[in-house]
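Residue numbers (mature numbering (1 follows the signal peptide of the UniProt record, and there is no 0)): -24 to -1, 1 to 80.
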């Protein structure tokens, strides 16, 4: 029985030695497919929020709204998304233009 275990172990080891070079990477490494060149540009987004305030009118005070716009410009999409989520988490803020890439 121990001869059979020994011969099976030797057979398994020799199969492993034969299969190892087949699974190895070729000389010089794996071939790399080049990425297309990234265009130069910026990421832009726009947010708007309403600023309510009272204005004296002919019939008393009236509540009016002034809209403020903030234009976000960033080099990377993650920076743009981070700034946009910071603004969008506040009250009365509406995203009017999501992060969009504008090439030069």
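Just so you know, even glycine gets a beta-carbon here, dropped at the ideal spot from N, CA and C.
**Item:** Contact under 7 Å by Cβ, residue 19 with residue 77
**Value:** Closer than 7 Å, so yes.
**Message:** Classify residue 23: buried if its beta carbon has 16 or more other beta carbons within 10 angstroms, exposed otherwise.
**Reply:** buried
**Prompt:** Excluding the five sequence neighbours on either side, which residues of its own chain have a C-beta within less than 6 Å of the C-beta of residue 69, listed in chain order?
**Reply:** 23, 25, 63
**Prompt:** Can residue 44 and residue 55 be called in contact, C-beta distance under 7 Å?
**Reply:** no
**Message:** Using 7 Å as the threshold, is the C-beta distance between residue 79 and residue 13 below it?
**Reply:** In this structure, residue 79 keeps its C-beta atom at 7 Å or more from the C-beta atom of residue 13.
**First and last residue of the uninterrupted alpha helix (DSSP H) at residue 58** = 53 to 64
**Prompt:** What's the C-alpha gap between residue 75 and residue 38?
**Reply:** Between residue 75 and residue 38, the C-alpha separation is close to 36 Å.
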